[in-house]
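Written below as structure tokens is the structure these notes are about.
Numbering (full-length UniProt numbering), first residue to last: 1 to 350.
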């Protein structure tokens with residue numbers, strides 16, 4: 001029997017906040033269900049090449065070499081939020097001709113220090129003063145554990161569908177993968193849906209496109225949009241697939257922290273940098289809706305240099321704009337910052 005990911009029942013204290021910002025933007029590879037468990041099942045050792053290159057400047061980008069990173073002159077910054085002992089801010093880089101280059105988030109090095117503990121987050125009980133749209137974020141119960149979350153808009157890039165950053169600090173990790181992710185880490189969601197839609201997602205629960213029947217679960221999940229090498233969580237934890245303020249998460253089959261057999265536990269000591277992707281939908285079906293580098297605090301704090309990783313692609317896309325094919329992590333010692341960005345945007349029709 002597959003182990004459940006966490007306590008049953010809905011998360012508490014998750015009333016939808018009203019957005020205090022307006023975004024300036026334009027309003028089949030089916031993996032087997034025996035694959036990796038997002039919320040508590042079994043992982044297969046199917047390799048997916050996610051790290052594609054590493055260099056000091058990042059992706060051989062001439063703009064990086066001449067102007068640092070993010071590239072000056074074509075980068076617009078979003079608002080700052082307070083995290084730990086420092087600040088975090090979003091940015092978008094776009095060429096003068098309107099081609100998207102990056103959506104990213106900058107962490108001050110000091111933002112990785114002085115982070116609140118699970119106890120400190122759980123003791124915050126004034127929802128008016130803990131709004132995920134505000135600079136100080138919101139204390140919330142996500143994945144059954146305490147999290148500090150922020151919704152921060154990206155400056156507009158008309159060529160992509162990406163709208164805002166959903167950033168979560170999880171001081172005690174969170175449930176899933178049979179314990180694989182119970183390690184202090186950040187969930188860095190690059191969302192394509194508008195904040196109000198994401199804000200209205202409630203969970204943990206069965207996704208609206210899954211239907212329980214006497215014979216099991218019928219689904220309107222769009223497997224053509226499932227990225228290559230990824231799998232949904234197995235039926236025994238289907239009631240926990242849909243997560244508050246996020247949606248359904250799918251994980252790569254080859255994530256080293258996931259269990260390798262039905263009787264195995266996840267190995268959080270092997271968890272450092274895993275790319276999750278996710279879905280939001282309704283009774284008619286699901287849509288690929290976010291790209292989520294999931295990075296441990298230890299990984300970000302110790303990171304040096306620059307590395308670029310693959311973003312596996314689906315057979316079909318939920319939009320007709322440009323989609324990222326890579327994400328990168330960069331340490332910028334001259335600015336005392338660490339940057340996580342999605343990049344290498346390509347037209348989905350290419």
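C-beta atoms are modelled at their ideal positions from N, C-alpha and C, and glycine is treated no differently. Predicted model only: the values in this text are computed from it and were never measured.
| Sufficient close CB pairs (3 or more, under 8 Å) joining the region 170 to 188 to the region 256 to 263 | yes
| query | residue 80 and residue 151 look like a contact to me (Cβ under 8 Å); what is the Cβ gap, rounded to whole Å? | reply | That pair is no contact at about 14 Å.
| query | Who are the Cβ neighbours of residue 193 in its own chain at under 6 Å, not counting the five residues just before and after it? | reply | 280, 289
| Contact under 9 Å by Cβ, residue 132 with residue 149 | yes
| query | By Cβ distance, which residues of its chain are closer than 8 Å to residue 336, with the 5 residues on each side in sequence left out? | reply | 108, 109, 110
| Considering only C-alpha positions, which residue in the set 160, 71, 140 is nearest to residue 347? | 160
| said: Please state the DSSP three-state secondary structure of residue 225. | reply: helix
| In or out: residue 85 buried (at least 16 other Cβ within 10 Å) or exposed? | exposed
| 9 Å Cβ cutoff met for residue 92 and residue 103 | yes
| task | With DSSP collapsed to three states, give me the class of residue 325. | result | strand
| said: Which residue wins for smallest C-alpha separation from residue 243, given the options 143, 210, 274, 301? | reply: 143
| query | Would the beta-carbon of residue 160 be found less than 8 Å away from any heavy atom of the ligand COA? | reply | Among the ligands in the structure shown, none appear at all, so the ligand COA cannot be discussed.
| query | When the Cα atoms are used, what is the spatial distance from residue 217 to residue 252? | reply | 22 Å
| query | In this structure, does DSSP put residue 287 in helix, strand or coil? | reply | In the structure shown, residue 287 adopts extended strand secondary structure according to DSSP, grouped into three states.
| Pick from 236, 229, 342: whose alpha carbon is nearest that of residue 212? | Per the Cα distances, 236.
| Coarse secondary structure for residue 185, derived from DSSP in three states | Assigned with DSSP and collapsed to three states, residue 185 falls in strand.
| Where does residue 32 sit, in a helix, a strand or coil, going by DSSP? | Confidence is the limiting factor: at residue 32 the pLDDT is only 29, short of 50, which leaves the residue's position unreliable, though a coordinate-based value still follows. Coil.
| DSSP beta-bridge partners for residue 339? | 106, 330
| request: On a CA-only basis, which of 350, 310, 267, 332 is nearest residue 342? Give me that one, please. | output: 310
| task | Tell me, please, which residues DSSP counts as bridged to residue 168. | result | 149, 187.
| residue 298, enclosing alpha helix (DSSP H) - first and last residue | 297 to 302
| message | Within 10 Å of its beta-carbon, does residue 231 have 16 or more other beta-carbons around it, so buried, or fewer, so exposed? | response | buried
| message | Under DSSP, the alpha helix (DSSP H) around residue 119 begins and ends at which residues? | response | 118 to 122
| message | Tell me the rounded alpha-carbon separation between residue 195 and residue 201. | response | 10 Å
| field | Range covered by the alpha helix (DSSP H) that runs through residue 238 | value | Careful: residue 238 lies outside any alpha helix (DSSP H) and carries neither H nor E.
| request: Counting only runs of 4+ residues fully inside the UniProt region "Disordered" (249 to 272), write out the alpha helix (DSSP H) ranges in chain order. | output: none
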